[in-house]
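Taken in order, these protein sequences are the chains called E and Y. In terms of this note's numbering, the first sequence opens at residue 370 and continues consecutively. In terms of this note's numbering, the second sequence opens at residue 189 and continues consecutively. For glycine and all other residues, C-beta sits at the position ideal for the given N, C-alpha and C. These notes concern the structure reproduced below.
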Amino acid sequence: MATLAKDFTEKVNGPVSAALLAGGIGSAAMGVITLIYEINDKSAFAKSMTWSKAVGGLSGKSMWSIIIFFVAWAILHYIWKDKETDFARISSIAIALLVVGLLGTFPPVWELFK
Amino acid sequence: MEMNLRETWTVVHGMVFGFIFLLGFSGAVYMIYSMKPQLLTAEGITKTANAAKVYVWGLALSVWAAVFTGAWVVYPWYRAVPADGTTDLSTFPKFLLLASENTAKWHEFGMEWKEHVAFLAPIAATVVAFVVSYYGPTLAKKVGERRAVMIFFIFAFVATAIAGMFGAFITKAAAVR
Chain E
370 MATLAKDFTE
380 KVNGPVSAAL
390 LAGGIGSAAM
400 GVITLIYEIN
410 DKSAFAKSMT
420 WSKAVGGLSG
430 KSMWSIIIFF
440 VAWAILHYIW
450 KDKETDFARI
460 SSIAIALLVV
470 GLLGTFPPVW
480 ELFK
Chain Y
189 MEMNLRETWT
199 VVHGMVFGFI
209 FLLGFSGAVY
219 MIYSMKPQLL
229 TAEGITKTAN
239 AAKVYVWGLA
249 LSVWAAVFTG
259 AWVVYPWYRA
269 VPADGTTDLS
279 TFPKFLLLAS
289 ENTAKWHEFG
299 MEWKEHVAFL
309 APIAATVVAF
319 VVSYYGPTLA
329 KKVGERRAVM
339 IFFIFAFVAT
349 AIAGMFGAFI
359 TKAAAVR
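Here it is as structure tokens:
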């Protein structure tokens, strides 16, 4: 029984908010970077995304998004690790950012901006 | 029934790593959904939470492996540029697809969507794995957090399903050989 009571110890939601928001930021980053790239794939920005000739622009787009995800997570976790946050608001923002990522990676959306 | 190196890696990417995530998703999401005091005893919640931690981290690692083998191993073979004058495009899948109006959209829409949306899946799946690990059995008391985690997990599944579906169709139209 004591073990079960320990299993259910309350924890602050800060780290969870940090992870969710970072996930949304990483996802949105992939969407926005991809959209900017696809609007003009001959631009200096697009060329800077070719970290690997074999993989092409996907190499930079994906690696930047992954880096942004982990950096955002580290920062937000550091700020919120001992805090109770407004989870409802933060999770809503995170989910909205997931949708930004989904839209930015959808080819017909690129055509709207070209 | 022989497969060359490229075909083997394509299978590893899609039918091993990608498939593990797609197949394992429903069990994992049900585990998270079922972590409710109305459905399980405290002991049941603890056992489910402990199993879920291993399960969701395994799925997250699998989908990371899927996107990295896809982007860094298989994709270069897919998009390789044939030398000028090449007439047999069978080993240049991207250019084989683009050579015909009937198949061009498999690349212009299918591959372009798949290669980008896929990367959203491991990000979302990692968030899920962290939250499940952080809260453990306490997740049973967190209705909002459990709902958000399931949304993220479903999102990861949808992204993977899109990538997997187009991967299968593109392989049918122009396999990496």
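By Cβ distance, which residues of its chain are closer than 7 Å to residue i, with the 5 residues on each side in sequence left out?
| i | result |
| --- | --- |
| Ser222(Y) | Leu228, Thr236 |
| Val244(Y) | Ala216, Val316, Ala317, Val320 |
| Tyr146(Y) | Outside the shown range of chain Y (189 to 365) lies residue 146(Y), about which nothing can therefore be said. |
| Lys389(E) | The sequence shown places Leu at residue 389(E), rather than the Lys named in the question. The residues are Ile459, Ser460, Ala463. |
| Asn409(E) | Ala415 |
| Trp442(E) | Ala387, Ala388, Ala391 |
| Lys224(Y) | Ala328 |
Short of 6 Å in beta carbon distance, which residues of its chain neighbour residue i, apart from the five on each side in sequence? Order them along the chain.
| i | result |
| --- | --- |
| Tyr362(Y) | Here residue 362(Y) turns out to be Ala, not Tyr, going by the sequence shown. Once the five neighbours on either side are set aside, the close Cβ partners of Ala362(Y) are Pro281, Leu284, Leu285. |
| Phe343(Y) | Ala312 |
| Pro325(Y) | Ile233, Thr234, Ala237 |
| His295(Y) | Lys282, Leu285, Leu286 |
| Phe148(Y) | Nothing can be reported for residue 148(Y): it is not among the residues displayed for chain Y, which extend from 189 to 365. |
| Gly206(Y) | Ala254, Gly352 |
| Gly395(E) | Ser434, Ile437, Phe438 |
| Ala309(Y) | Val251, Ala344, Ala347, Thr348 |
| Val261(Y) | Trp197 |
| Phe307(Y) | Val255 |
| Phe341(Y) | Val217, Val316 |
Rounded to whole angstroms, what is the Cα-Cα separation between residue i and residue j?
| i | j | result |
| --- | --- | --- |
| Thr196(Y) | Lys241(Y) | 30 Å |
| Gly215(Y) | Ile339(Y) | 15 Å |
| His446(E) | Leu211(Y) | 31 Å |
| Pro384(E) | Tyr322(Y) | 8 Å |
| Glu231(Y) | Thr314(Y) | 26 Å |
| Ala259(Y) | Ser421(E) | 11 Å |
| Ile350(Y) | Val204(Y) | 16 Å |
| Met189(Y) | Met418(E) | 39 Å |
| Lys483(E) | Thr474(E) | 14 Å |
| Ser412(E) | Asp451(E) | 43 Å |
| Thr454(E) | Lys380(E) | 12 Å |
| Ile208(Y) | Trp449(E) | 33 Å |
| Leu193(Y) | Lys329(Y) | 49 Å |
| Ala271(Y) | Ser278(Y) | 13 Å |
| Ala248(Y) | Ala239(Y) | 14 Å |
| Met378(Y) | Leu327(Y) | Given that chain Y is displayed from residue 189 to residue 365, the structure contains no residue 378(Y) and the question cannot be resolved. |
| Ile444(E) | Glu333(Y) | 21 Å |
| Glu407(E) | Ser288(Y) | 22 Å |
Within 10 Å of its beta-carbon, does residue i have 16 or more other beta-carbons around it, so buried, or fewer, so exposed?
| i | result |
| --- | --- |
| Thr275(Y) | exposed |
| Ser428(E) | buried |
| Met299(Y) | buried |
| Ser386(E) | buried |
| Ala457(E) | exposed |
| Asn382(E) | buried |
| Ser250(Y) | buried |
| Val424(E) | buried |
| Val305(Y) | buried |
| Val331(Y) | exposed |
| Gly470(E) | buried |
| Arg171(Y) | With chain Y covering 189 to 365 only, the question about residue 171(Y) has no answer from this structure. |
| Thr378(E) | exposed |
| Leu467(E) | buried |
| Leu481(E) | exposed |
| Ala371(E) | Interpretation of Ala371(E) is limited by its pLDDT of 47, a score under 50 that renders its predicted location unreliable; the figure taken from the coordinates is listed afterwards. So Ala371(E) ends up on the exposed side. |
| Ala391(E) | buried |
| Gly273(Y) | exposed |
Less than 8 Å between C-beta atoms, sequence neighbours within five positions excluded: which residues of the same chain meet that for residue i?
| i | result |
| --- | --- |
| Ala465(E) | Gly393 |
| Gly202(Y) | Ala254, Gly258, Gly352, Gly355, Ala356, Thr359 |
| Val478(E) | Leu404, Leu472 |
| Phe256(Y) | none |
| Lys293(Y) | none |
Residues of chain C with CB closer than 7 Å to the CB of residue i, please, in chain order.
| i | result |
| --- | --- |
| Phe438(E) | Of the protein chains in this structure, namely E and Y, none is chain C. |
Next on the checklist: Any C-beta of chain Y within less than 8 Å: which residues of the region 376-393 of chain E qualify?
Outcome noted: Asp376, Phe377, Thr378, Glu379, Lys380, Asn382, Pro384, Val385, Ala388, Leu389, Ala391, Gly392
Checklist entry - Is the region 255-271 of chain Y close to the region 208-223 of chain Y, with three or more CB pairs under 8 Å? => result no
Item to check | Residues, ordered as in the chain, of the region 451-471 of chain E that lie near chain Y by beta-carbon distance below 8 Å | outcome: Phe456, Ala457, Ser460, Ala463, Ile464, Leu467, Gly470, Leu471
Checklist entry - Between the region 333-346 of chain Y and chain E, which residues of the former have CB atoms less than 9 Å from a CB of the latter, in chain order? => result Glu333, Arg335, Ala336, Val337, Ile339, Phe340, Phe343, Val346
Item to check | Cβ contact (3+ pairs, closer than 8 Å) linking the region 433-453 of chain E and the region 386-402 of chain E | outcome: yes
Checklist entry - Which residues, in order along the region 408-427 of chain E, keep a beta-carbon less than 7 Å from a beta-carbon of chain Y? => result Ala423, Val424, Gly425, Leu427
Checklist entry - Mind listing which residues of the region 277-290 of chain Y have their C-beta closer than 8 Å to chain E's C-betas, in chain order? => result none
Next on the checklist: Residues of the region 197-216 of chain Y in Cβ contact with chain E at a cutoff of 9 Å, in chain order, please.
Outcome noted: none
Next on the checklist: Can you pull out the residues from the region 394-407 of chain E whose beta carbon lies closer than 7 Å to at least one beta carbon of chain Y?
Outcome noted: Gly395, Ser396, Met399, Thr403
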